[in-house]
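Chemist: In this note's numbering, the protein residues as written are -4 to 372.
1) Which two residues bound the contiguous beta strand (DSSP E) that contains residue 144?
2) Just the C-alpha distance for residue 56 and residue 329, rounded to the nearest angstrom, thanks.
3) As a quick exercise: from 310, 297, 313, pick the residue whose alpha carbon is nearest that of residue 74.
4) Taking all protein chains shown into account, do 16 or more other C-beta atoms lie within 10 angstroms of the C-beta of residue 253, making it buried, or fewer, making it exposed?
5) Let's see if you can read the secondary structure: which residues bound the beta strand (DSSP E) around residue 272?
6) For residue 77, write down the residues that DSSP places opposite it in a beta bridge.
7) Measure how close the beta-carbons of residue 292 and residue 228 come, nearest whole angstrom, since I'm counting them as under 8 Å.
8) In the DSSP assignment, find the beta strand (DSSP E) that holds residue 258 and state where it starts and stops.
9) According to the Cβ coordinates, are residue 167 and residue 190 closer than 9 Å?
10) Measuring alpha carbon to alpha carbon, tell me which residue in 169, 149, 178 is nearest residue 114.
11) What first and last residue would you give for the alpha helix (DSSP H) that runs through residue 316?
12) So, for residue 177: in the same chain, excluding its five sequence neighbours on each side, which residues have a beta-carbon less than 8 Å away from its beta-carbon?
13) Find out if the Cβ-Cβ distance for the pair residue 263, residue 124 is shorter than 9 Å.
14) Does DSSP put residue 25 in a helix, in a strand, or in coil?
15) Starting from residue 264, trace the beta strand (DSSP E) both ways and give me its first and last residue.
16) Any idea which residues DSSP pairs residue 327 with across the strands?
17) Between the region 170 to 189 and the region 319 to 327, do at least 3 Cβ pairs fall closer than 8 Å?
18) Apart from the five residues on each side of it in sequence, which residues of its chain come closer than 6 Å, Cβ to Cβ, to residue 332?
19) Could you tell me the distance, in whole angstroms, from the CA atom of residue 141 to the CA atom of residue 61?
20) What span of residues does the alpha helix (DSSP H) with residue 125 cover, start to end?
21) Taking C-alpha atoms, which residue in 224, 111, 137, 245 lies nearest to residue 72?
22) From residue 318 to residue 163, what distance separates their C-alpha atoms?
23) From which residue to which residue does the beta strand (DSSP E) around residue 108 run?
24) Buried or exposed: where does residue 217 fall if 16 or more other Cβ atoms within 10 Å of its Cβ makes it buried?
25) Going by CA-CA distance only, name the one from 219, 67, 44 that's closest to residue 185.
26) Helix, strand or coil, according to DSSP, for residue 220 in the structure here?
27) Buried or exposed for residue 316, going by 16 or more other Cβ atoms inside 10 Å?
28) Does residue 239 come within less than 9 Å of chain B when only Cβ atoms are used?
This is the structure:
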């Protein structure tokens, strides 16, 4: 019945290439201008998607992360639930980002394992690698992110069991009132219980970042629908993948209506179990980049709701001719422009609120004679 959980889809194609300690080319920047040092981009866990844009460079396929870091200022904790294959909790790149659920105090309780064959509900270990890889991408974009690991997948379980595990993981994430849910799984059939929980997340203002999938299909057509991306809820950002040439990844789904934005997804370098690093390809990886940038925005402006962050992400997209017929925004993720737009949006709201407050104050002041109302344009 629920075919999407009968195998390890997870919206990606596996292409493991274990990576050495060689770092990317370094660039010179004034470190004091950045919340996070640009040196963080010179690690074994980053690649072309995070490369710095050079002044005067006409076309760079990266997400323009350094521009975002220059604007970033951490004001709040951001908890991202990663519903996936688990995590390597001893990985040096991720060990300081593990979020302990509310009501738990033991450092070993860094998430939940809802998979059928679990050995402990409190230790969602990762033997597959996908969850660790996704978590590494999110952390690369936002080094201070708090990751709540929720494991659903069991290779030996039936499709129905894995679906049940997914729904339990979603339920837990919403009950924990996380800020963002990274959901890199999916498939062609909807599930009522899944939709019900996602609607609750929508009401609570929880952002869900979902992969568009990798069937080379236009998911605007009902016969090619891919869930949860195709539920069409206001709190879901659906992400597809582009390669280094900013072209649609050959395996990726697309859709002018159902897909919101592109992000890097070709041979993405990130963390893998057993303290390793390597490459994976697919819309799962693209999803993680959007989650990371969304978490930056949420941390800087904790009061923003899912729909506002979604608007910021899509309206700030770097438009590409090749993408205009493939997704709603017509472009790809631009972290720098997203933070810039968030700043402008919040500044505009604050300015309007200040003006309204000033009007109320002037109108209510007790003065002799006639009350004069001042209007601010």
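C-beta atoms are modelled at their ideal positions from N, C-alpha and C, and glycine is treated no differently.
Modeler: Taking the definition as stated:
1) Working through the chain shown from its first residue, we reach residue 144 at position 149. Its beta strand (DSSP E) spans residues 141 to 146.
2) If you number the chain shown from 1, residue 56 lands on position 61. If you number the chain shown from 1, residue 329 lands on position 334. Taking the straight line from one Cα to the other gives about 10 Å.
3) The count along the chain shown starts at 1 and reaches residue 74 at position 79. Closest option to residue 74, Cα to Cα, is 297.
4) The sequence position of residue 253 within the chain shown is 258, counting from 1. By the neighbour-count criterion, in which a residue is buried when 16 or more other Cβ atoms sit within 10 angstroms of its Cβ, residue 253 is buried.
5) Walking along the chain shown from the start, residue 272 turns up at place 277. Looking at the DSSP string, the run of the beta strand (DSSP E) that includes residue 272 is 271 to 277.
6) If you number the chain shown from 1, residue 77 lands on position 82. 144, 177.
7) Here the question's residue 292 lines up with position 297 in the chain shown. Here the question's residue 228 lines up with position 233 in the chain shown. Taking the Cβ atoms as the reference, residue 292 lies roughly 19 Å from residue 228, outside the contact range of under 8 Å.
8) Here residue 258 is taken as the residue at index 263 of the chain shown, counted from 1. Counting along the chain, the beta strand (DSSP E) containing residue 258 begins and ends at 256 to 259.
9) Numbered from 1 along the chain shown, position 172 holds the residue referred to as residue 167. Numbered from 1 along the chain shown, position 195 holds the residue referred to as residue 190. Cβ distance not < 9 Å, so residue 167 and residue 190 don't count as in contact.
10) Residue numbering aside, residue 114 sits at position 119 when the chain shown is read from its first letter. Answer by Cα proximity: 149.
11) Translated into positions along the chain shown, residue 316 becomes position 321. Where residue 316 is concerned, there is no enclosing alpha helix (DSSP H), given that its DSSP letter is neither H nor E.
12) On the chain shown, position 182 is the one that residue 177 refers to. Setting aside the 5 residues that flank it on each side, residue 177 is surrounded in the same chain by 75, 76, 77, 78, 79, 129, 133, 204, 282, 283, 286, each with a C-beta closer than 8 Å to its C-beta; the list follows chain order.
13) Within the chain shown, the letter at position 268 stands for residue 263. Within the chain shown, the letter at position 129 stands for residue 124. Taking 9 Å as the cut-off, the Cβ atoms of residue 263 and residue 124 do not count as close.
14) As a first step, residue 25 must be located in the chain shown, where it is residue number 30. Confidence at residue 25 is low in this model, with a pLDDT of 37, below 50, so the placement of that residue should be treated as unreliable; the coordinate-derived value is given next. Coil.
15) The count along the chain shown starts at 1 and reaches residue 264 at position 269. Unbroken beta strand (DSSP E) run through residue 264: 263 to 267.
16) Taking the first residue of the chain shown as 1, we reach residue 327 at position 332. The bridge partners DSSP lists for residue 327 are 257, 313.
17) At 8 Å Cβ cutoff, the stretches do not touch.
18) Indexing the chain shown from 1 puts residue 332 at position 337. The answer, listed in chain order, is 311.
19) Counted from its first residue, the chain shown places residue 141 at position 146. Counted from its first residue, the chain shown places residue 61 at position 66. Approximately 20 Å, taken between the alpha carbons.
20) Stepping through the chain shown from its first residue, residue 125 is reached at position 130. Where residue 125 is concerned, the enclosing alpha helix (DSSP H) stretches over 125 to 136.
21) Locating residue 72 in the chain shown gives position 77, counting from the first residue. Of 224, 111, 137, 245, the smallest CA-CA separation from residue 72 is found for 137.
22) Within the chain shown, numbered from 1, the residue matching residue 318 stands at position 323. Within the chain shown, numbered from 1, the residue matching residue 163 stands at position 168. Cα to Cα, residue 318 sits roughly 35 Å from residue 163.
23) The residue given as residue 108 occupies position 113 in the chain shown. Per DSSP, residue 108 belongs to the beta strand (DSSP E) from 106 to 108.
24) The sequence position of residue 217 within the chain shown is 222, counting from 1. The residue in question, residue 217, is exposed, as its Cβ has fewer than 16 Cβ neighbours within 10 Å.
25) By one-based count along the chain shown, residue 185 stands at place 190. If we check each option's Cα against that of residue 185, 219 comes out closest.
26) On the chain shown, residue 220 is found 225 positions in, with the first residue counted as 1. It is coil, neither helix nor strand.
27) Mapped onto the chain shown, residue 316 falls at position 321. Residue 316 counts as exposed, since fewer than 16 other C-beta atoms from the protein chains shown sit within 10 angstroms of its C-beta.
28) As a matter of chain content, chain B is missing from the structure shown, which is built from one protein chain.
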